[in-house]
Amino acid sequence: MPSPTSSPHVQESLSSEGLPLLSLSGAFGTARFSPQGAHLLDFTPHGQSPILFLSSCTHLAPGKAIRGGVPVIFPWFGPRAGHPAAPMHGLVRTRFWKVEEVSVPENGPATVRFSFQADQETRSLWPHAFALSLQFVLGAALDIRWEVQNTGDSPFEFEQALHPYFPIQDVHSASVSGLQCAHYLDKTDALRLKEDTTPFVSFAAETDRLYLNTTADCILSDPASGRTLVVSKTGSKSSVVWNPWIEKAAALVDLGNEDWRHFVCVEQVNAGQNAILLPAGGSHILTTRYDFSNSVRA
């Protein structure tokens, strides 16, 4: 029986640092994944410019987090409260997921689906039984569907995030709208709770905001390139807007010196007071859509 990746439009390879990669090409465009973290590294829809940013200095190595693309964060966001030795951003972004499906039809969108189940290693760090399913549909836009299942006999609470890096030409003129009147925790100001009173988020310094109780669409505008991205979501009540700016970027060894100028993260999250309490046998579905399809073409 053919494997899920057997297709003339799919190539399996290793990076120079030994990380397994899946490269897709077809009528939909081109994309590259790694089963480590179910991580989409890059995606260029047909006739468009790339819709994801990937650092030129990132490690593509087993066990190393990838800087760029769409990192997957679960079951805690950022550092785990009360557990300073726990890995940042959870358990699954540097673990290998199972490739369940890779479909690249002659016409129409491509589909890639991964799964992950709790094992002895995850239970040693977070004692819960769970199963994850993550599906990517790659067409003129990118659609992601993420299901979290509680496969145990007791409830658990979890945080989660999709952490996409979106390319921009100039962060100084870029902005994110859709969050006016929302309250956020400002991670650059001792997690103080603030209200966003402006019609859009602009960038003139490090920006790291966890917006709470918002299901709104976000619009990333980049006048320097003429591109606009619409980010929509369901099953997510938090959003994050992040750019590290100069000093923070310089401290990130896997980020190029000038890379901070050329990306903004607009993330789909359930964190903090929006963490999900999942009953035994229950499931939660988060979906998101990244649509550059109305932007200037490549």
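For the sequence shown, the numbering used here assigns the number 1237 to the initial residue and increments by one for each residue that follows.
Heads up, the beta-carbon is just placed ideally off N, CA and C, and yes, glycines get one too.
Just so you know, these numbers come straight off a predicted model, no measurement behind them.
Just how far apart, CA to CA, sit Gly-1388 and Arg-1463?
Here the question's residue 1388 lines up with position 152 in the sequence shown. Here the question's residue 1463 lines up with position 227 in the sequence shown. Near 45 Å, if we compare the C-alpha coordinates of Arg-1463 and Gly-1388.
Quick one: what's got a C-beta closer than 6 Å to Asp-1495's C-beta in the same chain, skipping five residues either side?
Indexing the sequence shown from 1 puts residue 1495 at position 259. Answer for Asp-1495: Ser-1291, listed in chain order.
Excluding five sequence neighbours on each side, which residues of the same chain lie with their C-beta closer than 7 Å to the C-beta of Ser-1249?
On the sequence shown, position 13 is the one that residue 1249 refers to. The residues are Leu-1257 and Ser-1259.
I need the DSSP call for Gly-1508, collapsed to helix, strand or coil.
Counting from one through the sequence shown, the residue named residue 1508 turns up at place 272. Looking at Gly-1508 - three-state DSSP - the assignment turns out to be helix.
Should Val-1500 and Phe-1402 be called a contact, given that it needs their Cβ atoms to be closer than 8 Å?
By 1-based counting over the sequence shown, the position of residue 1500 is 264. By 1-based counting over the sequence shown, the position of residue 1402 is 166. Contact: yes.
Just how far apart, CA to CA, sit His-1556 and Leu-1277?
Past the boundaries of the shown model lies residue 1556; the chain is included only from 1237 to 1534, so the question cannot be answered.
May I have the straight-line CA-CA distance separating Asn-1506 from Ser-1261, to the nearest angstrom?
By 1-based counting over the sequence shown, the position of residue 1506 is 270. By 1-based counting over the sequence shown, the position of residue 1261 is 25. C-alpha separation (whole angstroms): 32 Å.
Name the DSSP beta bridge partners of Leu-1446, please?
As a first step, residue 1446 must be located in the sequence shown, where it is residue number 210. In DSSP, Leu-1446 forms a bridge with Leu-1421 and Val-1476.
Check the C-beta distance from Glu-1503 over to Val-1476 and give it rounded, since I have them as a contact under 8 Å.
The residue you call residue 1503 lines up with position 267 of the sequence shown. The residue you call residue 1476 lines up with position 240 of the sequence shown. With a Cβ gap of about 4 Å, Glu-1503 and Val-1476 count as contacting.
Cutting at 7 Å between CB atoms, please list the residues of its own chain near Tyr-1526, excluding the five before and the five after it.
Numbered from its first residue, the sequence shown carries residue 1526 at position 290. The residues are Ile-1287, Ala-1377, Leu-1378, Pro-1400, Leu-1465 and Val-1467.
At what residue ranges does the region 1334 to 1420 contain a whole run of the beta strand (DSSP E), taking only runs of 3 or more?
If we require 3 residues or more, the beta strand (DSSP E) runs fully inside the region 1334 to 1420 come out as 1334 to 1339, 1346 to 1353, 1366 to 1374, 1378 to 1386, 1392 to 1394, 1396 to 1398, 1401 to 1403 and 1411 to 1413.
Quick check: what's the CA-CA separation for Gly-1414 versus Val-1348?
Walking along the sequence shown from the start, residue 1414 turns up at place 178. Walking along the sequence shown from the start, residue 1348 turns up at place 112. Approximately 30 Å, taken between the alpha carbons.
Taking Cβ positions only, does Asp-1355 come closer than 8 Å to chain B?
Annotation note: the requested chain B is absent from the structure, which comprises a single protein chain.
May I ask you to report which of helix, strand or coil DSSP gives Arg-1497?
Locating residue 1497 in the sequence shown gives position 261, counting from the first residue. Helix at Arg-1497.
Work out the CA separation of Thr-1523 and Thr-1308 for me, nearest whole Å.
Here residue 1308 refers to the residue found at position 72 when the sequence shown is read from its first residue. Here residue 1523 refers to the residue found at position 287 when the sequence shown is read from its first residue. Residue identity differs from the one stated: residue 1308 is Val in this sequence, not Thr. C-alpha separation (whole angstroms): 13 Å.
Under the assumption that Asn-1386 contacts Pro-1515 (Cβ atoms under 8 Å), give the Cβ distance between them as a whole number of angstroms.
As a first step, residue 1386 must be located in the sequence shown, where it is residue number 150. As a first step, residue 1515 must be located in the sequence shown, where it is residue number 279. At roughly 7 Å, the Cβ-Cβ gap stays under 8 Å, so Asn-1386 and Pro-1515 are in contact.
Could you tell me the alpha carbon to alpha carbon distance between Arg-1445 and His-1282, rounded to whole angstroms?
Position 209 of the sequence shown, counted from the start, is the residue given in the question as residue 1445. Position 46 of the sequence shown, counted from the start, is the residue given in the question as residue 1282. Going by the C-alpha atoms only, they are around 33 Å apart.
Can you tell me which of the three DSSP states Glu-1253 falls into?
Counted from its first residue, the sequence shown places residue 1253 at position 17. Correct three-state label for Glu-1253: coil.
Excluding the 5 residues preceding and the 5 following Tyr-1447 in the sequence, name in chain order all residues of the same chain whose CB lies nearer than 8 Å to its CB.
The sequence position of residue 1447 within the sequence shown is 211, counting from 1. So the list reads Leu-1415, Ala-1418, His-1419, Tyr-1420, Asp-1432, Ser-1474, Ser-1475, Val-1476 and Val-1477, once near-sequence residues are dropped.
For Ala-1534, count neighbouring C-beta atoms within 10 Å of its own C-beta (all shown protein chains included) and say buried if the count is 16 or more, exposed if not.
Translated into positions along the sequence shown, residue 1534 becomes position 298. Note that Ala-1534 scores a pLDDT of 42, beneath 50, so its modelled location is shaky and nothing firm can be said.
Grab the span of the beta strand (DSSP E) containing Lys-1430 for me, first residue to last.
Against the sequence shown, residue 1430 aligns to sequence position 194. Where Lys-1430 is concerned, the enclosing beta strand (DSSP E) stretches over 1428 to 1431.
Could you tell me if Pro-1238 is buried or exposed, where buried requires 16 or more neighbouring beta carbons within 10 angstroms of its beta carbon?
Here residue 1238 corresponds to residue number 2 of the sequence shown, with the count starting at 1. Interpretation of Pro-1238 is limited by its pLDDT of 42, a score under 50 that renders its predicted location unreliable; no figure is taken from the coordinates.
Which stretch, first to last residue, makes up the alpha helix (DSSP H) that contains Ala-1486?
Here residue 1486 refers to the residue found at position 250 when the sequence shown is read from its first residue. Unbroken alpha helix (DSSP H) run through Ala-1486: 1481 to 1486.
Which word fits Pro-1391, buried or exposed, when buried means at least 16 other C-beta atoms lie within 10 angstroms of its C-beta?
Along the sequence shown, read from residue 1 onward, the residue named residue 1391 stands at position 155. Exposed: under 16 other Cβ atoms inside 10 Å.
Name the two residues that bound the continuous beta strand (DSSP E) containing Phe-1436.
Here residue 1436 refers to the residue found at position 200 when the sequence shown is read from its first residue. Element bounds for Phe-1436: 1436 to 1438.
So which of Trp-1382, Trp-1362 and Leu-1491 has the shortest CA-CA distance to Pro-1311?
By 1-based counting over the sequence shown, the position of residue 1311 is 75. Of the listed residues, the one whose Cα sits closest to Pro-1311 is Trp-1362.
Is the beta carbon of Val-1384 sitting closer than 8 Å to the one on Leu-1398?
Along the sequence shown, one-based indexing puts residue 1384 at 148. Along the sequence shown, one-based indexing puts residue 1398 at 162. No.
Does any heavy atom of the ligand SAH sit closer than 7 Å to the C-beta of Pro-1363?
Summarising the ligand content, the structure contains no ligands, and the ligand SAH is consequently not present.
Which of the three DSSP states is assigned to Cys-1454 in this structure?
For the purposes of this step, residue 1454 is taken as the residue at position 218 of the sequence shown. Strand at Cys-1454.
Return helix, strand or coil for Phe-1279, following the three-state DSSP convention.
Numbered from 1 along the sequence shown, position 43 holds the residue referred to as residue 1279. Residue state, collapsed to three classes: strand.
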